[in-house]
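Presented below is the structure to which this report refers.
In the numbering used here, the protein residues as written are 2 to 281.
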């Protein structure tokens, strides 16, 4: 497990490109038959990727729960959100199996044990992207298909940001402690996300960009509104965004990204909007 400590905005002003990437970029999420995880001390969110190929993979395969979390098992005091961006696979929660096709989501509540992952076709493995946050109460485990997600259409071709937001783990879909999670898909020819931009002092966020070819990247913008920086992101990489930072992106092609939020509340529209003319 990769451990990241919280960086404050005063220090970030002096970071060079390499330091920004070391603090905020998660470069690798998927490796065959492994669980890759990054623990951020910003709201204690854990970002993970599992790609089962030749075997069934246990969630705790490479996570020392006693050492890293101080618990006996991973979800003893946590909740977990999953979105599959690969081939069809299954998630086993105890004795219950949930089949996740591409772009299906799953919420797993606190106190769930014995979580395992498998792929239906090893030549087209599932890619389970996951985020976990601390939880104080147990809520029902639920499969969320793309059809069940709350769908919101936003933007326009004129501003290069026409997109569809699929809210998987969201108050209008199901109840959780603090985790929110969904996916934004940009239309062909559209490259901007979250612009005009915003911050939300009461919540942090993680963006995971995907559906990019090897030749294309996203320039992810972060930092205080008057002290902006950028991180160049490739396919299936994630970036940690503190509450004080903007989080916008512009790609060399259209793309999709999964957003995950943790913090004081789950109000999706709780944002502090910033005019583009005020950015520096």
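Built from N, CA and C at the ideal position, the CB exists for glycine as well.
The stretch 110-121 makes contact with the stretch 88-99: 3 or more CB pairs, one atom from each, lie closer than 8 Å.
Secondary structure in the stretch 120-159: the beta strand (DSSP E) runs of 3 residues or longer, each lying completely within the stretch, are 129-135, 143-145 and 151-155 in chain order.
Residue pairing by DSSP places residue 231 opposite 222 in a beta bridge. A Cβ-Cβ distance of about 14 Å is found for the pair residue 203 and residue 246, leaving them out of contact under the 8 Å criterion.
Taking all protein chains shown into account, residue 261 has 16 or more neighbouring C-beta atoms within 10 Å of its C-beta and is therefore buried.
Within the model, the alpha-carbon separation for residue 190 versus residue 235 is close to 18 Å.
Only residues of its own chain outside the window of five on either side were considered, and among them 24 have a CB closer than 6 Å to the CB of residue 8, listed in chain order. Bridge pairing for residue 256: absent [DSSP]. In the displayed model, residue 112 falls within coil according to three-state DSSP, outside both helix and strand. Considering only 199, 63, 62 and 16, the residue with the shortest C-alpha distance to residue 272 is 199. Taking the C-beta atoms as reference points, residue 277 is found nearer than 8 Å to residue 196.
Residue 168 counts as buried, since at least 16 other C-beta atoms from the protein chains shown sit within 10 angstroms of its C-beta.
In the structure shown, residue 21 adopts helical secondary structure according to DSSP, grouped into three states. Here residue 76 carries a helix assignment [DSSP, helix/strand/coil]. Between residue 183 and residue 219 a beta carbon distance of about 18 Å is seen, past the 8 Å cut, so the two are scored as non-contacting.
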